[in-house]
Each structure stands twice: as structure tokens, then as C-alpha cells.
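Protein chains in written order, with my numbering: chain A, 1 to 436; chain B, 1 to 594; chain C, 1 to 78.
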């Protein structure tokens, strides 16, 4: 039973200590907005995913093969998707555990693909690049807040039900919720969620609420501390915390378990698989967090790319398929949207070291229940030309054809029912993708 | 990392260590050689051995006190019944003897107070007078250091920012010295040659070439890898120990500052010798000239490896170092330079690389010929000049350093490091003028400006920054004079708090500031401090010296006592009130501020 | 004029260890004699004053504080 603000106030009066209300708690009496039943899972592909080897342009396969003598995925490694003959998937997105992975999701109507996503004058610097994607700015502008922070703080009806606005399960320095007045649970190890919750609750056990006073730095510390206290008391409820188990550190007795989750049948072994499972647990336990970010790194392959990249794609598809299956198992898929992003794509031509250098446009995928996607409109955009490249030999931005990354964000915000007016211009969600 | 071997590569200056390394290389017995030559020797891999010299006796001993009394008119003066001489003085010896001028010995340490009281009587034709004189050696710290003393607050702030916390000796030493003079003398005195700790084993680690490595059996290769890991851990522990024990913390502070700017990560460059060389370079140049530091870092083998500079060669330029030089070391993205400059700067550094023994080397045969145009200037040395490879690289650094933006760029970073919060561009411009005008980008000179600036010294600035994980831990030890049991443990704790020393997350370094504190890191900090609190309570005794009890809060915290009022004294554990108080202080959120 | 104590001064005398290369009191250098001894005069105020004695060596330094105070009783009539 989630704590209401009234209960929090009552708690603070009982202890006689001035309770530090996090500033993001809305005024008393605001009723929960129905939009908070939906959630977004962002998947950060860290290092610049090579889109050309992820979703292969089949119409121009000859050019692709010629420009990548050693790197091109051979015909035998291509996997077709029904109804979209112009593209092929890298076999690692289909083969292996997960019962055809992305092909199954496509056939279910649960996978959408956006081709040629990026922005004009895209930065090829990792730091500048990911900052732009996290802040939702244009390439030449520096903004210090995350796009989700701006939307969340403009949204009405944030309630005491919200344990935190976001949870970041890896690479916490890359934060699309950065900024004041949002409470982000930052996990840097992708421990299984019950292990994290156990540690979190145990560590926060004796934190005392404190008056917010003192220097700005101290106030910041105390605000974060208050957020921990609040999150802790709410997690306590969510997980049927039994303080007497596990040598007095306490243990959750109501962790969600997913059908078929044994070994790496559902989720790949390793860090990314753990993150996917942890997110599934948090969602299934109704923790109440609207935004999650998981992360898979290692895409910056300037040398010897194939083996490494194939492995990353396998983990990505296995993990996201497992996440989809786990959410479906608990009836949460319809309320969840999963979306990939990455700081840039990579160059068309391979370099001299069997790798690729930083590039521009790349495809991204969205996953949700079929009821959320219009079946006829799940391939968006066209594959950028492999011959009409920009001045640096990268896939060229073409106004009207290329997809601005902020349109993916607008799609997500539309799905969540949150304010979309958080960019320097209006960006429309992907045309006709969402049903509601 | 590129390990190509060239039969014709010339050995360049800076490879003096190569001779000793080569002397050790007998391939048939490599595992034995590893332990004899570099693996286990030196100062001990794990924590760094004690290196203080054998005790030479107390630094200061008080041997005598002479009390001299002046009276308004002629009088016979007695001090403690001892007749004063014609000048009204009586000398006493602190020799522990039984005579009238003997007094108890000074024990020669700082731990206990010695009180000497003298009764003065004067008798003269115009009457008599009495008085007392009291000399208290080693007074209780709380009697001389108080939060109501403005000098204490200024000095505490200075050390919290310039150092890694503050000890009562430091406060006492500078208490009566005018602030600006104290700054001057502290900044001038820091000197890398005064480092007392012996270098870690990594300093003499035997580097195998790829050829030698390939000839090892799998078991030997495993052992070599393990020995590298141990040696690198030894560097972490070495630097942690230096930070906590050093008498010149400003040096380590600045080395850490430059490390965060000129980033190299040990997890990436997993080479002990090179990583020690990098740290050694930073410490040697931390308080010298920024120009010298940049020139040195361009030739640093660890930096070469980290940024793949060895593969920056004629015909196949690798822009990594060129981009970082402009974007991260000197100008900052969006200032002065463009993409074309990155390409040209990369050409200037073609042929700057390392041998397969990881020694810096210049290879003219891999250097891009022709003129290079950087920031509108042409760098043109003859293509048949064998020194062209060196001259191009040095010339491009000099050219970049001519930009007035460089000083501003560095001073902005210094503002973020020492002052924090919204930048005052006008003040930064003033510091930049000093930095630029000093001729050689004199780091000491600009630091003196910074530590005496109104932005730095403003009372509202005190306690208004967040301690980095390293500062957070070091402050506790520096204040109490205690040491961790194992320094490497603190490396791991700080890495869980998002600061693994010598392993920043990426080339941009640790962002710092308020970002140090998140739900995760705040809980980790608290948990680690709670452990430290329990580690202080060992075998039934509290390690924190009792004589510091009255100044613990003053030393540990940067914010006034009033901001810590919520500590609930009512639930102190009665069987260990001291330990409980210490543990509560250590887990106080205000400890995160400096 | 009644007799009063007009001023009190304390000369601190001490020694430093063999490795000490410099001695400062409140930042001012104090000479170390060949026999490792030193001396320094402090004028004592009617209340208290504190001086910091700092010894500096290549591998260590130490600061010790000395608090010096005085009180003069009012003069008694002659």
C-alpha cells in the first residue's frame, strides 16, 4: 500500500522532527494522474552503435559490401523481417536463446524500427554527443538538464506514489533526468534488484530526517538524503520487507519471479542481462518509477569490430527479448515502452583496422505491446544513402527524410502522457506509430 | 597499444631506465627475473612501507625558561623565590632536577600539557607588587583553536580546499601568520623532491616486449599479468598513502587536479612502469609551469598508449591526442580551433610514439612531411631535417599556448576546483592575466592569486563545496594523524563512491561538484565512514586521541556546529560513548562539505 | 609613584633534533646554534598569547604550541 503524503506528514509529526519534504512532492490533495501508470525503459548503447551492421540496408547491399570488405555482414548472416524487404537484421538479433528474438517481436507487432535517426551537424565526440542526446538539445547548444527532467518537472500530478522519477542501472553519469527537483535512484552495479534493495534499505535504515539548512552544498546533501529516506519507506512496503531475515539486514520476501527464468534462458548472463532482469523486477513489483535507463557499453570499436559488435548485439536482443517476455508474464508490457539510443552511428567505410570510426545517423528500435503500435506503421524513415554522403564521408542528414532523434523522445513522452514541449522546437512523434 | 618493432628506431632521451631493464632480460628464466628485478623489490607492492628515518629524537625540546620582569621603579624582584638579576630576569632549567631553578622536564612530544607557573614579587622603595606568569606548553587544542576565531575559520577553509582536510598542527603553525603570507609560504614550499615515501615497485617493473611475452608459456603469461595487477595496485596504495601522510598536500592536490585534466586511466593502460611514470610526471610538474607540463605529457608513454598515439603515423593520422590536446587540455570545445586544426595538429604529432619497451621515441620515418597550418599559422620545417618530427610537435604546442584562451580555460578549471559554484568571469579573467603574464604559465603564481582572492576567502564560500571521495576519507585521517590499516582498501571504497584514483571514467575526468552526491554514493560514503568508525575502535580502545576530542568537530567539519544540531545525543551507546560520538560525527551529512 | 610590574617577558629556550634544518616561531625564522639550541623572547600580554614553534626537517615537521600568560596584582601601598 503506497504511502500517501498525508501518511508521510503524520510520520513526521509523530517523530517530532521537521521532516524534509523533497521539493518534488506536490501540494497536498493533488490526485494521482492516470499517466503515471506507464513507464519508459531507455537502453543506452554506449560508444556509438554501428547501425549499418545492426540493421543492414538490403536494397543497396552491394555498395554496403563493397565499402566494408571485411566488416560487412555476409548474406548468410542476414535475417529478413516480414513485410520490410529493404532491410535485414544482423543474425545476432534473431539467432540464439529467445525464440527468434527481434523477429518474434516483429511478427507479434511489438517491435518498431526507426531508420536514419540523428540530427543536423551531429557531434562526433562521445561526451558532447551523449550530452546532446541526454539533454535533448540541438547539436550546437549546451543544455545542462536532461530532457526527461524538464518534462517531469513540468508534469502535473506528481504524487507521493512516486518512489523516484527515474532509476539508472548503469553509467549513472549519463543521465537523461539530470537537473534539479527530480529524484533519481542511481545504481552503478547491476545487482539483481532484490540485492540492491536490500543494501539500499539496510544502509538507509538509520538515516534521520534533517532540517534543510546550511550552505547550498549541505542542502544538496540533505535533499538527496531525504529522497533516500522517502524511497526507503516506500520500497519497504513494496517488498514486504522482513527485517528479521538475513541476519537482521532484512530481506525482501515478495520479489517477482518470471516464468522460464533459469540460467540464461530468459536473460543473458552478464551485466546487461542482470540490468534487464532488475528492471523487470522493479516494474513487476510496482515500484512506481516512470523512467528507467539501462546501458550496454563497448560499441566504440575502432579496431577488430565484428566479433565484439556481434556479441553486443546478441546480448542486446537476448536481454530486451527477455525483458519483453518477463513484462508480458506479469501483464506489464502494455504499460511499458522500451527504446534504444546512442551518441552517434559510425562511418560507412571500414577503417584500416577492421573497425569503424565515429559517424552520424543510425537506426533505433522501440518495443512495447502490440496494442500500442499501429501494425502498419512500424518501419519509420528510409535508409540513408550509402553514396550521397556528407563532407566527411558519413551518412548525410537530409531534411524531411532523416528522423530527428527528438521525434523518438516525443514518441516516448506522448506514450507517457507527459509534457512534450521541452525542446527548442516542436518535434512530432513518429507518424502513426502509437495507437493511443 | 601498438607494439610494432622497428630495427632502426633511435633511442631518444628519457630512456635512461632502458639500460637497467634490458640488463635483466634473460628470457629463459623470465619468471625468476620478474621477481628479482622488479616484481617484488622496492618499497613493497601493497601499502608502501614506512619510510621515515630511524627516530632521531624529539623534533623540539624545551630546555629552559627565563622570566624577565620590568618594574616601574627600582625593585628587588623574586621569581618563585629565586632572586632576579640586575635586569630583573631569572633563568630556569627544565631539567627535572631538584634545585631551586630546576623545573620538570619537557617530555619532548605534543601529547600532554606541561604547566609552569611562576610567582613574581617585586619589593622596592615605592611599595611592592606581585604577579604571576604562566607558561603552558602543549595547551589543549580546544583552548587555542575555536570556531569563534576568524583566523581559525580562514585557515580551516584554506586547508579544506587546498589540502585534503586539516590537522591541528597545521592550524597552530599558521595561526599567528598573516593569511596572505601563509598562503605565499605554503605555495612556495611545496616541493616534489621533499617526498619521503620510496617509490612503489611499479617504478622498476620489468617491461616485456610483445616478442618476449609471446615466448612465455600460458602459466608465465598469467603470472606476468598478475604481477602487473599487483604493481598497479601498489601505485594506487602509494598515492593514497602520500595524500594522507604528506606534509605538503598542495602538491598532491595539484597532481590530482592535473590527473583529472590530462586523463590517463590505469585500467586502460595496464602497464605499471608507464603508469608510475605518468604519476611521477604529474607530481614533478604539478606546481611548475603548465607549458612544461604539456610538453612533458605529450611525450609520456602512458599518455601515448592511452590515446593510441603510436598509431598516429604518416598517411594514417590518428586524431585522438590532437583532439584531446585542443578540446580537453588547452582550449575547450567550441573555442578558437576547428576540425581542420585537429587534423593538422595530428599531423604534427605523427611519429611521436613508444618503443616496445614502452619508452618514448620520435620516428622521423613515420612523420608526416610538409607544412602544417594550425590556427592560421604555418609550421614548416624542412622535410629532410631529421628533427622535423620533434620540432613540429613542439612548435604546435607553443602555437596553441600562444592563444589567450588557454589561460582562461585553465583558470576556469581552477575556479571549479577551488571555489566552486557559478563562475565569476571577471575574476577568472584576472587570474588568467596573471597566469598568462607569468611568462611560462606559472602555476604557483596563479594559485597564490586564487587562495587570496575574495571569491575564495568569502565567508559564504566556506563549506559550500562537496568533498570528493578522496578528500572525504583523507580529511578524517589528516585531522587525527591516524592511518588506515591498508591504503588499498580506501582505493576500493572511493571507487564505490565513484572515484577510483588513477581511473577516471573517461577522458573528461570526474565532473565533481554536486555530482559526487547521489543516492548511491551518499549511502556508500556513509557506510564506509561507519566502517572507519568501527575500525577506530579496536581491541577495546579508541584510536582517536583523547586530546583531540575538543577539536574533532572543528577539524572534521567545514560548516559551523549549529548546522549539525540534529545529531541525537539521547541514544548514545552508554558502554562506548566516545566511540559512539565519533561514529555519529563520521556519518554526519555535513562531513561531505568542504 | 607606586611600584608596578610594567612588563614581563619570557625567553623560551630549547633544542632541536639532528635532522632539523629550520625553526620558525609564528612564521619567523629562529636561528639554530651549532649545539642545536635555540632561544626566543616573547613579550607577555596581561592576558595570554600563543606562539607556534615549528621545526622543519627533510622528512618531518612538528609544531608545538606554547601559551604564555601573566597577571599582575595591583600594587600595594609602600
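C-beta atoms are modelled at their ideal positions from N, C-alpha and C, and glycine is treated no differently. As the structure is a computational prediction, the values presented were derived from the model and not from experiment.
Step through the CB atoms of chain C and report whether any lies within less than 8 Å of the CB of residue i.
i                      : result
residue 75 of chain B  : yes
residue 480 of chain B : no
residue 49 of chain B  : Residue confidence for residue 49 of chain B is low, a pLDDT of 35 falling below 50, so the modelled location carries little weight and cannot support an answer.
residue 328 of chain B : no
residue 64 of chain B  : yes
residue 72 of chain B  : yes
How about residue i and residue j: are their beta carbons less than 8 Å apart?
i                      : j                      : result
residue 50 of chain C  : residue 12 of chain C  : no
residue 350 of chain B : residue 312 of chain B : yes
residue 146 of chain A : residue 178 of chain A : yes
residue 388 of chain A : residue 396 of chain A : yes
residue 363 of chain A : residue 113 of chain A : yes
residue 116 of chain A : residue 361 of chain A : yes
residue 308 of chain A : residue 44 of chain A  : no
residue 482 of chain B : residue 533 of chain B : no
residue 377 of chain B : residue 399 of chain B : yes
residue 205 of chain B : residue 231 of chain B : yes
residue 353 of chain B : residue 309 of chain B : yes
residue 355 of chain A : residue 393 of chain A : no
Tell me whether residue i is buried or exposed, calling it buried when 16 or more other Cβ atoms sit within 10 Å of its Cβ.
i                      : result
residue 123 of chain A : buried
residue 428 of chain A : exposed
residue 64 of chain C  : buried
residue 504 of chain B : buried
residue 115 of chain B : exposed
residue 225 of chain A : buried
residue 70 of chain A  : exposed
Using 8 Å as the limit for Cβ to Cβ distance, is residue i near chain A?
i                      : result
residue 523 of chain B : yes
residue 514 of chain B : yes
Could you give the DSSP three-state label for residue i: helix, strand or coil?
i                      : result
residue 344 of chain A : coil
residue 149 of chain A : helix
residue 86 of chain A  : coil
residue 361 of chain B : strand
residue 538 of chain B : strand
residue 43 of chain C  : strand
residue 76 of chain A  : helix
residue 482 of chain B : coil
residue 232 of chain A : helix
residue 397 of chain A : coil
residue 231 of chain B : helix
residue 68 of chain A  : coil
residue 579 of chain B : helix
residue 80 of chain B  : coil
residue 352 of chain B : strand
residue 119 of chain A : coil
residue 254 of chain B : helix
residue 71 of chain B  : strand
Is there a Cβ from chain B that is less than 8 Å from the Cβ of residue i?
i                      : result
residue 275 of chain A : no
residue 4 of chain C   : yes
residue 76 of chain C  : Low per-residue confidence applies at residue 76 of chain C: pLDDT is 48, beneath 50, and the placement is therefore not dependable, though the value from the model is reported in the following sentence. Yes - at least one Cβ of chain B is within 8 Å of the one on residue 76 of chain C.
residue 35 of chain C  : no
Could you check if residue i belongs to the surroundings of the ligand GDP, using beta carbon to heavy atom distance under 7 Å?
i                      : result
residue 224 of chain A : The ligand GDP is not part of the structure shown, which contains no ligands of any sort.
Contact between the region 491-501 of chain B and the region 453-472 of chain B (3+ Cβ pairs under 8 Å): yes
Cβ contact (3+ pairs, closer than 8 Å) linking the region 440-455 of chain B and the region 481-488 of chain B: no
Sufficient close CB pairs (3 or more, under 8 Å) joining the region 132-142 of chain B to the region 548-557 of chain B: yes
Validate contact between the region 16-33 of chain C and the region 51-63 of chain C using beta carbons, cut 8 Å, 3 pairs: yes
The region 420-435 of chain A contacting the region 147-155 of chain A, beta-carbon criterion three pairs below 8 Å: yes
Inter-stretch contact (C-beta, 8 Å, three-pair minimum) for the region 340-347 of chain B and the region 289-304 of chain B: no
Stretch pair the region 127-143 of chain A + the region 253-269 of chain A: three plus CB contacts closer than 8 Å: no
Meets three-Cβ-pair contact criterion under 8 Å: the region 218-231 of chain B and the region 279-287 of chain B: no
Sufficient close CB pairs (3 or more, under 8 Å) joining the region 312-319 of chain A to the region 267-277 of chain A: yes
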